[in-house]
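Residue numbers (the numbering used here): 138 to 424. Even glycine gets a Cβ: it sits at the ideal position worked out from N, Cα and C. Read through the structure below, which is laid out as structure tokens, and then see the notes.
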Amino acid sequence: MPARHSWEIPMLVLVIVLTVFAYLIAVLLLVTGNVDQYVVALVAAPLLLWFGRGITYATQRVNGVRMSPTQFPEGYQMVVDAAARFGMAKVPDAYVVLGNGRINAFASGHGFRRFVVVYSDLFEIGGAAREPDALAFIIGHEVGHIAAGHTSYWRQLGMFLVPFLPIIGSTLIRAQEYTADNHGYCNRHTGASAAMGTLAAGKYMNRLVGFDEMADRAAFEKGFFVWMVNALSSHPVLTWRMWALRDRSRHGKLFLRPNPPAGAAVPTGGYPSSYGEVPANPPKSVL
Ligand SMILES: [Zn+2]
């Protein structure tokens, strides 16, 4: 089974404690007559979250193309396979929605239903002639969010304060993303490099991205602002994320950039094979 990032549960506990604490204060303020919009929003969090999840799910039900054996069958099969691989009792629903050039996918739920949504631009790489492995990795990542419990109502309620907790909140989300990447890797490790290339350069230029060349930079791009961009980001920055997908011997880095192997010179084209489980992906000709 894919590993849960080692920081995910400790960060989750911290965030839940802070959220519950803030919630109790909000209730206290409300009953003592200190009404303001943040206090009301926090006290109404259970309702707001339930409402938001219902709206998100309904939007897919009325506008999304539902994957099935006859619509986007390759994607449908990838969802079924990922759910089986992760030992899930129920296969989540899966939808394709218009991407309009954006590269994105997400997983959510409402009540007992769970679903994944794939933007059409991302799905196109799973067409017969393009990069089906990358799509299988991404679908594995999204189904992994569900398998790891990230889409549960109660969990999301406990994380309601995440947008208001700088660094702490985003660090929990980054840990979850590494966990989901571990699921994507488990589902189709050969798709990791093309999936990252697609996130880096889009669905047409993904073939021009040298996975190792970009991952190598994780160890050498340094400084306060590099640290800051990662610390505030909801997803691990791409170079670190690629590094984590390549070095399967440890969990992805949350705060400090990965260390280069001892004595490494400025690398050209990747570290020795002990670091590379993802097949090397030198830039390919687009012709
Ligand atoms: Zn994710």
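Report buried or exposed for residue i, applying the criterion of at least 16 other Cβ atoms within 10 angstroms of its Cβ.
i	result
W386	Note on residue identity: the sequence assigns Ser, not Trp, to residue 386. Per the 10 Å Cβ criterion, exposed.
L184	exposed
L352	In the sequence on display, residue 352 carries Ala and not Leu. Classification of A352: buried, given that the 10 Å Cβ count is 16 or more.
L336	buried
Q197	buried
N396	exposed
S330	buried
P269	buried
V379	Per the sequence shown, the amino acid found at residue 379 is Met instead of Val. Under this definition M379 is a buried residue.
G170	exposed
M342	exposed
Please return the same chain residues whose Cβ sits closer than 7 Å to the Cβ of residue i, not counting the five positions on each side in sequence.
i	result
V366	V374
A159	L179 and L298
R292	G286
L294	A182, P183 and L186
R141	A285 and T316
V228	V216, V217 and A220
Q208	V202
R222	C323 and N324
A149	Correcting the residue type first, residue 149 is Leu in the shown sequence and not Ala. So the list reads L309, once near-sequence residues are dropped.
L451	The structure shown has nothing for residue 451, since the chain only spans 138 to 424.
Of the residues the options, which one's Cα is nearest the Cα of residue i?
i	options	result
A368	K390, F348 and F357	K390
A338	R239, V168 and S245	R239
D318	A182, W377 and Y175	W377
G360	R394, M342 and L161	R394
F243	F223, A226, D218 and L272	L272
L147	F223, L336, T308 and A331	Residue identity differs from the one stated: residue 147 is Pro in this sequence, not Leu. If we check each option's Cα against that of P147, T308 comes out closest.
V280	I304, M333, Q214 and I305	Q214
F260	L302, G212, R141 and T196	G212
P398	A356, Q208 and A381	A356
D230	G224, N241, H247 and R222	H247
R190	T169, L302, M342 and T288	T288
H320	N343, G224, S205 and Y290	G224
G277	G306, L149 and R325	R325
Y290	L302, I305, G334 and F249	F249
D349	F362, V363, G334 and K340	G334
Return the chain-ordered list of same chain residues with a C-beta closer than 6 Å to the C-beta of residue i, the five sequence neighbours on each side being excluded.
i	result
T193	S245
G236	Y256, S257 and D258
L151	none
T156	G295, F297 and L298
C323	P139
V176	A163, L166 and L167
A332	A271, F274 and I275
N241	Y256
I304	A368
Contact defined as beta carbons within less than 8 Å: I believe residue i pairs with residue j. What is the distance between those atoms, to the nearest angstrom?
i	j	result
R251	I283	5 Å
G201	V253	That belief does not hold up - the Cβ atoms of G201 and V253 are roughly 10 Å apart, past 8 Å.
A312	W144	5 Å
Residue i by DSSP, collapsed to three states: which one?
i	result
A195	helix
R250	strand
S371	coil
F209	coil
A244	strand
D349	helix
D425	The chain is shown only over 138 to 424; residue 425 falls outside these bounds and no answer can be derived.
R203	strand
A231	strand
V172	coil
Can you find the residues in the same chain that come closer than 8 Å, C-beta to C-beta, to residue i, ignoring five residues on each side of it along the sequence?
i	result
V105	A query on residue 105 cannot be resolved here, the shown segment of the chain reaching from 138 to 424 and no further.
R354	T376
H388	A140, H142, S143, W144, Y315 and A381
I310	V299, S371 and H372
V154	none
F392	T308, W364, N367 and A368
For residue i, decide whether its Cβ has a neighbour in chain B, counting only Cβ atoms nearer than 8 Å.
i	result
T196	Annotation note: the requested chain B is absent from the structure, which comprises a single protein chain.
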